[in-house]
Amino acid sequence: MTRTPLIAGNWKMNGTPMLVKDMILGLAQKYDALPEKPFEMLICPPFTLIGLASEFAKNTGIVIGGQNCSALSNGAHTGDISALMLKEARAKYVILGHSERRTDHGETNALIKAKAEQALKDGLKVIICVGETEVQKDAGETLKVVSKQVSESLPSDTKADDVVIAYEPVWAIGTGRTPTGAEVEEVHAFIRKQLAEMIGLDEAGGLRILYGGSVKPSNAKELLHIPNVDGALVGGASLKLDDFWGIAQAYL
Ligand code: PEP
């Protein structure tokens, strides 16, 4: 099964209406001019900018997503945002289980799975983040940690069309450090093999596994051409048009 790479930008708690306009119109100008689209481009701004981002992205190839959603459908949950609200703001994807949510908000694998199942029910695609901390890496536990996260955070009915996994070593996020190519290759191949056991060879072969953690234009070519790497989840570099586009150039 062919996998169209995904270049996804996670703006975290950053961004302004002006950045939304400049980034989406700037990206669309470049992306829409490509005669073929060898990758998909996604921007995930904070909740308050999603509607505006969708407006600018209308009639372009740029796709908009959220960074989190509730596991519940609606009701008395002050401060929460439902998957349906994201959908109505014309988001197509939602990032779930980012390490900052796992750490800052104590999100468990079970909660992430519940959120993913609600998001799928409401018609969103989900990007489930997994990855080990530096302590876990140093203890030689990377594969064990990732395996548990994959088996416990993925929705029951995981299908290649609407679930994406992002392998993001926590110690590589925002630090400028990255694993070696061999380390990335090992973890991605391991996830693919585990997926085959969980959802069968066909679905596992079509499901995209992104790499995330300090991806920049200077290392994108090397990281994104590793076997079983199907794109990138990008934090800091997704806030600058030239950097984000520079990463996507790895596929051109
Ligand atoms: C992220 O937050 O998902 C991320 C990968 O951040 P950065 O690219 O800044 O390391």
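Residue numbers (the working numbering): 71 to 322. Backbone N, C-alpha and C fix where the C-beta goes; we use that ideal spot for every residue, glycine too.
Review point. So, helix, strand or coil for M155, using DSSP?
Key: Here residue 155 is taken as the residue at index 85 of the sequence shown, counted from 1. Three-state DSSP puts M155 in a helix.
Review point. Would you call the CB atoms of V55 and Q219 closer than 8 Å?
Key: One cannot answer for residue 55 here, as it falls past the ends of the chain, which runs 71 to 322.
Review point. What separation, rounded to the nearest whole angstrom, lies between the Cα atoms of M88 and S124?
Key: For this step, residue 88 is matched to residue 18 along the sequence shown. For this step, residue 124 is matched to residue 54 along the sequence shown. Taking the straight line joining both Cα atoms gives about 14 Å.
Review point. Using a Cβ-Cβ cut-off of 8 Å (strictly less than) and excluding sequence neighbours within five positions of L142, which residues of its own chain qualify?
Key: Here residue 142 is taken as the residue at index 72 of the sequence shown, counted from 1. D150, S152 and Q188.
Exercise for review: Pull up the DSSP beta-bridge partners for Y281, would you.
Suggested key: Along the sequence shown, read from residue 1 onward, the residue named residue 281 stands at position 211. Answer is Y237 and A302, bridged to Y281.
Point to revise | CA-to-CA distance, K162 to T118, given in whole angstroms | key: Translated into the one-based positions of the sequence shown, residue 118 becomes position 48. Translated into the one-based positions of the sequence shown, residue 162 becomes position 92. Distance between the alpha carbons of T118 and K162 is about 16 Å.
Point to revise | Sequence-distant residues of its chain with Cβ nearer than 7 Å to N289 (five each side left out) | key: One-based indexing of the sequence shown puts residue 289 at position 219. The residues are T248.
Practice item. Please work out which residues of its chain come closer than 6 Å, Cβ to Cβ, to V133, disregarding the five sequence neighbours upstream and downstream, and give them in chain order. Key: In the sequence shown, counting from the first residue as 1, residue 133 sits at position 63. Same-chain partners within the cutoff: L112 and K162.
Review point. Among L265, A307 and N84, which has the Cα closest to the Cα of S223?
Key: Position 153 of the sequence shown holds residue 223. The shortest Cα separation from S223 among L265, A307 and N84 belongs to L265.
Check your understanding: By the 10 Å Cβ neighbour count, where 16 or more other Cβ atoms means buried, how is M93 classified, buried or exposed?
Key -> Looking up residue 93 in the sequence shown gives position 23. Counting Cβ neighbours within 10 Å, M93 comes out buried, since at least 16 surround it.
**Study point:** CA-to-CA distance, T212 to W241, given in whole angstroms
**Key:** Working through the sequence shown from its first residue, we reach residue 241 at position 171. Working through the sequence shown from its first residue, we reach residue 212 at position 142. Each residue's alpha carbon lies about 12 Å from the other.
Exercise for review: Classify A78 as helix, strand or coil using the three-state DSSP reduction.
Suggested key: Here residue 78 is taken as the residue at index 8 of the sequence shown, counted from 1. If DSSP states are grouped into helix, strand and coil, A78 belongs with the strands.
Practice item. Starting from L112, follow its DSSP beta bridges and name the residues at the other end. Key: In the sequence shown, residue 112 corresponds to position 42, counting from 1. Note: L112 sits in a beta bridge opposite A78 and V133.
Exercise for review: Return the chain-ordered ranges of every alpha helix (DSSP H) run that is complete within the segment 141 to 202 and spans a minimum of 4 residues.
Suggested key: 153 to 158, 169 to 174 and 179 to 191
Exercise for review: Give a single yes or no on whether K82 has its beta carbon closer than 7 Å to a heavy atom of the ligand PEP.
Suggested key: For the purposes of this step, residue 82 is identified with residue 12 of the sequence shown, where counting begins at 1. For the ligand PEP, at least one heavy atom lies less than 7 Å from the Cβ of K82.
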